[in-house]
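> One structure, pasted below without further comment.
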Amino acid sequence: MSAHSTMHESTSPRFKQNAREALDNKQLQSALGHVRHRFIDKRAQAAAQLPEFDDLRDSAKAIKDHVLAHLDLYLAHYEQQVHAAGGHVHFARTAQEASAIIVDLCQKAGATTVTKGKSMVSEEIGLNAALLAAGIKPVETDLGEYIIQIRGETPSHIIAPAVHLTKAQIEADFRRTHTHLDAKRNLDAPESLLAEARTLLRDQFLRADVGITGANLLVAETGSSIIVTNEGNGDLTQILPKTHIVIASIEKIVPTLEDAAQILRVLARSATGQDMTVYSTLSTGPRRAGDPDGPENYHVVLVDNGRSSMIGSEFEDMLRCIRCGACMNHCPVYHAVGGHAYGWVYPGPMGSVLTPSLIGVDKAGHLPNASTFCGRCESVCPVRIPLPKLMRHWREREFERHLSPATFRWGLSFWAAFAKRPRLYRFVTSFTARALGMMGRKVGSFRWLPLASGWTATRNLAAPQGDTFQSQWHRQRTAKDQRKN
Amino acid sequence: MASARDEIFASLRRSMGVTGQEATRKMEVQTRLMQKPRGIVPQRGYVAGEERIELFTRQAQNVQADVKRAAHLSDVAPIVRAYLRERNLPALLRRGQAPLLHAIDWDAQQLTLLDGPSDGHDANGLSVALGGCAETGSLVLVSGPDNPTTLNFLPDNHIVLIEANKIEPSFEDIWQKLRMIFGPDTLPRTVNFITGPSRSADIEQTMLLGAHGPRNLLIVIIG
């Protein structure tokens, strides 16, 4: 059994099939329209309104790089400060270990119900399954997470987990699940869906024995965890139960409150186009003597799960990621197929780089190939992660390890042999271009060509003009040189 | 068997090619923790007096908060009463022990005040902000008996009083203020930055107010 066996089952190896199904799914395609427009416009506006935005991105990148170079020391300082504030820190090497620690803490607290704020690392470690197996009921409280929980799905986006669904689908799920309510109630307005979830979850908040949240940042200076939510669910999750458990991966550390502010400024703008998320909350230890509310116990579970080995590797840059989702919001592949096609917890460009690191390139090798290399992800990344370059690294690794399909390898070696012989290459390409040019002159494109069905099955192939690029280049160059002389 | 903690530190140090004992690295970390460099601070908030109050007001209104101005402390109760009436809300508010809240004559406005944290059955919560951040229109509230944190999230309507001179230009000024009040290296259990009322865009990316926290946020600036 591998250490990752309790993590979410991955369908990444089926990426091609997933993508095909996603393209045929009309509801999904309608829902994805919202990603294409709203996220992109809102981010652009927020960035344009802050003259310092690009300098802040540089600053955020520099902070993350500094932390990664000193992570052992900052982790130790952070741990010390959590202890000083009366909290507890637990370290987990693997997903399995992290889930076991949390289940144990819940059992010791006598918990039967736990509320959860949205946490991607809890998805990564498969926490809900582990809790259920121990007889503890996890209740997701972020509206999007709640919706996918009642559907038995995983998030399709790291900040908008239910972005793949239409309002009609959500209404149907509420009617199916909330059977104690009047079947004839009117749920036409999205506000009525929100109100229904609010009422149901309010009850859960007040009843929960333990609240589990993620962390956007951990501050070494004060031993604080920071979470940002627009709904306030992260706050109700942590202030009402007796025990608050924070789960975070080790690279979430920043040195100081000043550093946290630098990152918060680029986080909300890059994610939702807000200047600031509605609730940005710093939590430090359990409630103090005299405090009338707040949790009596505060635990932090720090998860490695493969990250410590990424430091110093060509994938270290990926550990700067602050999980804003801008890369997927701007990705033409994500726009086309949505998040579930990627087959594991982290979709889009950041997922294409991170997933092979966490579950192995043998399982997730398709993902770095699912890129047009248009570079929009890198151009909007608030911490300037060179995502296309990192995807290329994975492609190289996949090729080196002979994991790419035989036809692909054979085709590439055939082309390489050909390209190494310039005369032959010129002769064949100019012959082909001329022949195809003559054949296709009338219509201007081909509906079918031998050996090209992979292209022509879904679109026409434009007919060449009858000349190769090289010969056109040569002709224009010569003409230019003559003019000069 | 080595503990998980030891193994993670060993793995990190192996990947980094360090021992953790290097004096220069330790010095760099200590220096940063002491000096707390501010990085890039948006200049937007660095305006004075009325201009800063106006910026704070505009930013808070942009995120759907209601903002009223009370020239004097005695104006607060009538503003709160009018606000509750307009919305047909009960004349009942829950508050903590903050001295400012006890220096106001609520009775004269037929407002009833309940004391202590919320158990989820209050329509209106009343708090005093430790500060405000003009850059984003955010309120800063801290936990403790003066302002129970449950009042920030459980009631449907949250009314927050803030003294005009406590509106700071940026987050960095808030950190300074927190360090002055609570000492270095620590914070109260909860520090809340609140920027507008609760919302969600999880249904088709359409923003709806009143997700889990308050549906309405009224900010009363005093002075």
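For the protein sequence lines, the chains are A and B, in the order given. The numbering used here applies: residue 1 is where the first sequence begins, and numbers increase by one. The numbering used here applies: residue 1001 is where the second sequence begins, and numbers increase by one. Using N, Cα and C, we set each Cβ at its ideal position, and we do this for glycine too. None of these values were measured; they are calculated from a predicted model.
Applying the 10 Å Cβ sphere with the 16-neighbour rule, what's the burial state of H180 of chain A?
exposed
> Based on Cα-Cα distance, which residue from A:H37, A:T429, A:G135 and A:L451 lies nearest to Q465 of chain A?
A:T429
> Answer yes or no: do P295 of chain A and T372 of chain A have a C-beta to C-beta separation smaller than 7 Å?
T372 of chain A sits away from P295 of chain A, with the two beta carbons spaced by 7 Å or more.
> Would you kindly work out how many angstroms separate the C-alpha atoms of T11 of chain A and P1145 of chain B, rounded to a whole number?
50 Å
> Please classify F408 of chain A: is it buried, with 16 or more other beta-carbons within 10 angstroms of its beta-carbon, or exposed?
exposed
> Please give me, in chain order, every unbroken run of the alpha helix (DSSP H) with length at least 4 that falls completely inside the segment 276–315 of chain A.
307–310
> Taking S352 of chain A and A336 of chain A to be in contact with their CB atoms under 8 Å, please state how far apart those CB atoms are, rounded to whole angstroms.
Not really, about 14 Å apart at Cβ, beyond 8 Å.
> Exposed or buried, M1027 of chain B, counting other C-beta atoms within 10 Å across all chains shown (16 or more means buried)?
With fewer than 16 other beta carbons inside 10 angstroms of its own, M1027 of chain B counts as exposed.
> Using 8 Å as the threshold, is the segment 247–265 of chain A in touch with the segment 1095–1112 of chain B, meaning 3 or more CB pairs across them?
Not touching, per the Cβ criterion.
> In chain B, what lies closer than 7 Å to R287 of chain A by C-beta?
R1189
> Tell me the start and end of each unbroken alpha helix (DSSP H) in the segment 311–346 of chain A that is at least 4 residues and wholly inside, in chain order.
326–329 and 332–337
> Between T1190 of chain B and V1142 of chain B, which are expected to be in contact by the criterion C-beta below 8 Å, what is the C-beta distance as a whole number of angstroms?
Confirmed, Cβ separation roughly 7 Å.
> Beta-carbon separation of A95 of chain A and I101 of chain A under 7 Å?
no
> Report the residues of the segment 1135–1161 of chain B with a CB closer than 9 Å to any CB of chain A, ordered along the chain.
Those residues of the segment 1135–1161 of chain B that come within reach of chain A (Cβ to Cβ, closer than 9 Å) are E1135, T1136, G1137, S1138, S1143, G1144, P1145, P1148, T1149, T1150, L1151, N1152, F1153 and L1154.
> Using only the alpha-carbon positions, how far apart do Y78 of chain A and K116 of chain A sit?
23 Å
> Measure from the C-beta of E1204 of chain B to each C-beta in chain A and report whether the shortest distance is under 7 Å.
By this cut-off, E1204 of chain B is an interface position.
> Give the straight-line distance between the Cα atoms of S1198 of chain B and D235 of chain A, rounded to the nearest whole angstrom.
11 Å
> For a contact defined as C-beta to C-beta under 8 Å, what are the partners of R1199 of chain B on chain A?
N230, E231 and V278
> By DSSP, does F205 of chain A sit in helix, in strand, or in coil?
Residue state, collapsed to three classes: helix.
> DSSP on K116 of chain A, reduced to helix/strand/coil?
strand
> Please tell me whether, using a cut-off of 6 Å, the distance from the CB of G33 of chain A to the nearest non-hydrogen atom of the ligand NAD is below it.
Although the ligand NAD was asked about, the structure shown includes no ligands whatsoever.
> Taking Cβ-Cβ distances below 9 Å as the criterion, which residues of the segment 353–366 of chain A are in contact with chain B?
none
> Do you know whose CA, among A:W394, A:Q470 and A:V443, lies nearest F431 of chain A's CA?
That would be A:Q470, whose Cα lies nearest to the Cα of F431 of chain A.
> For G1131 of chain B versus E1168 of chain B, is the C-beta distance shorter than 7 Å?
Pairing G1131 of chain B with E1168 of chain B gives a Cβ-Cβ distance under 7 Å.
> Classify D1122 of chain B as buried or exposed, calling it buried when 16 or more other Cβ atoms lie within 10 Å of its own Cβ.
buried
> Note down, one range per segment and in chain order, each alpha helix (DSSP H) of at least 4 residues found wholly within the segment 1019–1082 of chain B.
Scanning the segment 1019–1082 of chain B from its first residue to its last, the whole alpha helix (DSSP H) runs of 4-plus residues come out as 1023–1035 and 1049–1062.
> Please report the distance separating the alpha-carbon of S2 of chain A from that of H366 of chain A.
A caution first: S2 of chain A carries a pLDDT of 40, below 50, which makes its placement in the model unreliable, though a value can still be read off. S2 of chain A and H366 of chain A: Cα-Cα distance of roughly 21 Å.
> Does G1183 of chain B get closer than 7 Å to chain A when you measure Cβ to Cβ?
no
> Once DSSP output is grouped into helix, strand and coil, what is the label at H402 of chain A?
coil
> Can you tell which of A:N329, A:F53, A:P347 and A:V361 has its C-alpha closest to the C-alpha of R401 of chain A?
A:V361
> Say whether chain A places a C-beta atom closer than 7 Å to the C-beta of G1213 of chain B.
yes
> Apart from the five residues on each side of it in sequence, which residues of its chain come closer than 8 Å, Cβ to Cβ, to V1076 of chain B?
A1070, I1104, L1161, V1220 and I1222
> What would DSSP say about K108 of chain A, mapped onto helix, strand or coil?
Reduced to three states, the DSSP call for K108 of chain A is helix.
> Taking the alpha helix (DSSP H) that P1099 of chain B falls in, what are its first and last residues?
P1099 to H1102
> Would you mind telling me which residues of chain B sit closer than 7 Å to R38 of chain A, beta carbon to beta carbon, in chain order?
Q1205
> Beta-carbon within less than 6 Å of T1149 of chain B's beta-carbon, same chain only, minus the 5 sequence neighbours each way: which residues are those?
S1143 and T1190
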